[in-house]
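Line by line, the protein sequences give chains A and B.
Counting with full-length UniProt numbering, you get residues 1 to 209 for the letters of the first sequence.
Counting with full-length UniProt numbering, you get residues 1 to 209 for the letters of the second sequence.
Where is the CB? At the ideal position from N, CA and C, for every residue including glycine.
Protein chains: 2
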Amino acid sequence: MQISELSDRSGLTVQTIKFYIREGLLPKGSAVSATRSEYDGRHLERLRLISALREVGDLPVSAIQQIIAAIEDDRVSLHDLFATTQHAIGPHVAAPHDPHWRAAREDVDALVRELGWDVGDRAPARDLLAHTFVALRRLGFPITLRDLRPYVNAARDVAEHEIGRVAAGTPRARTVHSLLVSTVLYEQVLTALHRLAQEDASSRRFGKS
Amino acid sequence: MQISELSDRSGLTVQTIKFYIREGLLPKGSAVSATRSEYDGRHLERLRLISALREVGDLPVSAIQQIIAAIEDDRVSLHDLFATTQHAIGPHVAAPHDPHWRAAREDVDALVRELGWDVGDRAPARDLLAHTFVALRRLGFPITLRDLRPYVNAARDVAEHEIGRVAAGTPRARTVHSLLVSTVLYEQVLTALHRLAQEDASSRRFGKS
Numbered sequence: 001m002q003i004s005e006l007s008d009r010s011g012l013t014v015q016t017i018k019f020y021i022r023e024g025l026l027p028k029g030s031a032v033s034a035t036r037s038e039y040d041g042r043h044l045e046r047l048r049l050i051s052a053l054r055e056v057g058d059l060p061v062s063a064i065q066q067i068i069a070a071i072e073d074d075r076v077s078l079h080d081l082f083a084t085t086q087h088a089i090g091p092h093v094a095a096p097h098d099p100h101w102r103a104a105r106e107d108v109d110a111l112v113r114e115l116g117w118d119v120g121d122r123a124p125a126r127d128l129l130a131h132t133f134v135a136l137r138r139l140g141f142p143i144t145l146r147d148l149r150p151y152v153n154a155a156r157d158v159a160e161h162e163i164g165r166v167a168a169g170t171p172r173a174r175t176v177h178s179l180l181v182s183t184v185l186y187e188q189v190l191t192a193l194h195r196l197a198q199e200d201a202s203s204r205r206f207g208k209s
Numbered sequence: 001m002q003i004s005e006l007s008d009r010s011g012l013t014v015q016t017i018k019f020y021i022r023e024g025l026l027p028k029g030s031a032v033s034a035t036r037s038e039y040d041g042r043h044l045e046r047l048r049l050i051s052a053l054r055e056v057g058d059l060p061v062s063a064i065q066q067i068i069a070a071i072e073d074d075r076v077s078l079h080d081l082f083a084t085t086q087h088a089i090g091p092h093v094a095a096p097h098d099p100h101w102r103a104a105r106e107d108v109d110a111l112v113r114e115l116g117w118d119v120g121d122r123a124p125a126r127d128l129l130a131h132t133f134v135a136l137r138r139l140g141f142p143i144t145l146r147d148l149r150p151y152v153n154a155a156r157d158v159a160e161h162e163i164g165r166v167a168a169g170t171p172r173a174r175t176v177h178s179l180l181v182s183t184v185l186y187e188q189v190l191t192a193l194h195r196l197a198q199e200d201a202s203s204r205r206f207g208k209s
């Protein structure tokens with residue numbers, strides 16, 4: 001297809017598509033003449049992925065570049081690709097150098113060890129969790145494994161489901177797609193459902209008060 | 001205590017504290033002379049709440065103003081306060097006027113009805129969920145109640161726990177505190193644990209591939 005059709009089918013302007021090509025997010029089409037290139041279904045699928053990461057995941061172009069570079073490098077294992085994605089997504093919480101933060105980060109590391117989870121030392125989610133611990137303690141909410149247990153169980157159930165959703169023998173490109181979607185989009189599905197469920201639970205408990 | 005001690009204990013500058021007073025986020029201290037005011041533990045608690053909402057929830061001052069106004073108005077029921085908080089927090093997804101979005105929003109409404117959840121029609125989380133549905137479909141991931149079931153169960157379990165955590169007879173101010181913390185901070189706890197659990201599940205499944 002020509003770039004105009006690619007634009008129609010992706011819902012993106014020709015200008016945006018050319019920008020993504022320049023930034024290395026989208027491979028060039030195959031030149032059929034000096035002024036025309038042909039695009040195919042893989043271009044369309046890539047554009048849809050970029051749109052989703054941009055619109056829903058709210059990721060900057062630089063983060064998408066890192067993810068795409070890892071997707072295109074077959075030597076990167078699926079698990080490493082997953083870790084790269086998480087790293088690109090952030091958020092990169094700036095860890096302050098104070099004793100409260102250090103204590104919280106040590107608690108996170110102890111929790112991960114206690115759960116027996118295989119998670120890289122530099123996973124941004126460790127800092128994200130430590131950051132919430134600091135704020136919760138400042139507000140007078142102590143953190144114990146018992147308080148965290150419902151969250152741990154929910155997170156584990158959902159993650160098992162997500163990884164299990166990738167059928168054995170699925171081609172690498174599709175698997176990558178599925179992992180990205182789990183990380184970026186289904187994370188927001190969980191957040192949205194959590195808020196809806198909270199409102200429902202609040203209504204049943206406090207609706208009359 | 002004087003404002004300098006309030007500053008030390010809250011970790012906020014005197015300038016920031018004065019800004020919060022001007023913006024109506026923090027009540028004035030009681031004047032003990034023309035140039036000195038006294039502050040107490042409630043000021044400190046309020047400042048910690050504001051800090052948490054700002055730093056971890058990343059809420060703008062205007063959203064915090066809405067929340068504080070509802071907290072201070074005893075006529076607002078706890079459930080309404082909770083809905084106000086959710087509204088202030090957003091995110092306010094701009095709903096495009098296209099058929100895909102309308103279909104997704106109808107699916108969300110049908111899902112909420114099917115689950116029997118008591119959620120306001122204008123809850124921002126409905127739009128947030130619809131937005132993810134549109135993106136998932138665009139990427140070729142169909143949405144069925146079966147796919148959503150693990151997320152629904154996780155969200156419900158966590159929300160039940162959160163609302164149940166508020167002991168009967170807890171004073172209103174403390175209850176509000178607890179609800180806000182659940183919404184803003186524990187949501188991030190869940191997100192962070194979800195990512196850690198995903199990395200662990202990915203390692204077990206793809207670690208060698």
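By the beta-carbon neighbour count (other beta carbons within 10 angstroms, threshold 16), Arg146 of chain A is exposed. Within the region 122–173 of chain B, no run of beta strand (DSSP E) at least 3 residues long lies entirely inside it. Per DSSP, the continuous alpha helix (DSSP H) segment holding Lys18 of chain A begins and ends at 14–22. When rounded, the separation of the alpha-carbon atoms in Asp118 of chain A and Arg195 of chain B is 12 Å. Close partners of Gln86 of chain B in chain A (Cβ separation under 8 Å): Arg195, Gln198, Glu199. For Asp157 of chain B, the neighbours in chain A by C-beta distance under 8 Å run, in chain order, Pro150, Asn153, Ala154.
Chain-order list of chain A residues neighbouring Leu128 of chain B: Gln188, Thr191, Ala192, Arg195, by C-beta distance under 8 Å.
Note that the C-beta distance between Ser178 of chain A and Val166 of chain A is below 7 Å. One thing to note: Ala104 of chain A has its Cβ within 7 Å of the Cβ of Val134 of chain A. Here Ala95 of chain A carries a coil assignment [DSSP, helix/strand/coil]. The residue among B:Phe19, B:Ala192, B:Leu44, B:Ala201 with its C-alpha nearest the C-alpha of Ala123 of chain A is B:Ala192. Going by beta carbons, Arg156 of chain B and Ala197 of chain A fall inside the 7 Å limit.
Residues Arg126, Leu129, Ala130 of the same chain have their beta carbon placed closer than 6 Å to that of Val108 of chain B, with the five preceding and five following residues left out of the count. Contact note: Val176 of chain A does not reach chain B at a C-beta cutoff of 9 Å; the least C-beta distance is about 11 Å. Here the alpha carbon of Leu25 of chain A sits roughly 6 Å from the alpha carbon of Gln65 of chain A. Residues of the region 49–81 of chain A with a C-beta atom less than 8 Å from some C-beta of chain B are Leu49, Ser51, Ala52, Glu55, Val56, Ser77, Leu78, His79, listed in chain order. At least one CB atom of chain B sits nearer than 7 Å to the CB of Gly207 of chain A. Here DSSP, grouped into helix, strand and coil, assigns Ser33 of chain A to coil. Only residues of its own chain outside the window of five on either side were considered, and among them Ala95, Ala130, Val134 have a CB closer than 7 Å to the CB of Trp101 of chain B, listed in chain order. The alpha-carbon separation between Leu136 of chain A and Tyr39 of chain A amounts to approximately 51 Å. For Arg138 of chain A, the closest Cβ of chain B is nearer than 7 Å.
Taking a 10 Å sphere around the C-beta of Ser7 of chain B, we find 16 or more other C-beta atoms and assign the residue as buried.
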